[in-house]
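Trainee: Let me give you the structure first, and then I'll get to my questions.
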Amino acid sequence: MSLKIVSTDKAPKAIGPYSQAIIANGMLFSAGQIPLNPTNGEMVTGDVQTQAKQVLENIQGVLSAEGLDFSDIVKTTVFITTMDHFPALNEVYASYFGDSKPARSCVAVSQLPKNALVEIEFVAALKA
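The opening residue of the sequence shown carries number 15 in this note's numbering; numbering runs sequentially from there.
Listed below in C-alpha cells is the structure:
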C-alpha cells in the first residue's frame, strides 16, 4: 500500500508530529482541524459558530488541495467542549454540507488543543 501525504498552505500547518491528511487506498483521512488561521497560525476567537466556520474553511483547504469538495466527504467526527454548542454548530455545519449528508459522530470532550471550542476530522473518497 502506498501512502501520500497531503500538505497545503490553505489549511494550518500541523502543530505536532502528524500530517494534515494522508491518502491511502482511494481515501483521504484528515487530521483534526481546529480554528487556526492558516495565514498566521493564530487561533480564531469567538463563539462556536465563528470557530466552526474557520474549521470548515480549513477543511475546504485540505479538500481543495486534492481537487475535492464537501460532497466527497463520507464521514466526519466532531469534537465540541459542551453539547450546549450542538445546535449552533449544526447551523454552520449544514451551511457547508448542503444536501451532502456524510455519516457523522459528535462527542463532547473536556478540552481541545489550544482551548478550541470545536475540532472536526473527516474521511473523503477520492474522485475516480
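All C-beta atoms, glycine included, are put in the ideal place defined by N, C-alpha and C.
Name the two residues that bound the continuous beta strand (DSSP E) containing residue 20.
Mentor: It spans 17-20 - the beta strand (DSSP E) in which residue 20 sits, taken as one unbroken run.
Trainee: Can the beta-carbon of residue 130 be found less than 8 Å from the beta-carbon of residue 48?
Mentor: yes
Trainee: Quick one: which unbroken beta strand (DSSP E) runs of 3-plus residues sit fully inside the region 80-142? Chain order, please.
Mentor: DSSP runs (the beta strand (DSSP E)) wholly in the region 80-142: 87-94, 117-122 and 132-139.
Trainee: Going by other Cβ atoms of all chains shown within 10 Å of its Cβ, with 16 needed for buried, is residue 32 buried or exposed?
Mentor: exposed
Trainee: Taking 7 Å as the cut-off, is the C-beta of residue 80 nearer than that to any heavy atom in the ligand NAP?
Mentor: No copy of the ligand NAP appears in this structure; indeed no ligand is present at all.
Trainee: Helix, strand or coil for residue 33? Go by DSSP, reduced to three states.
Mentor: coil
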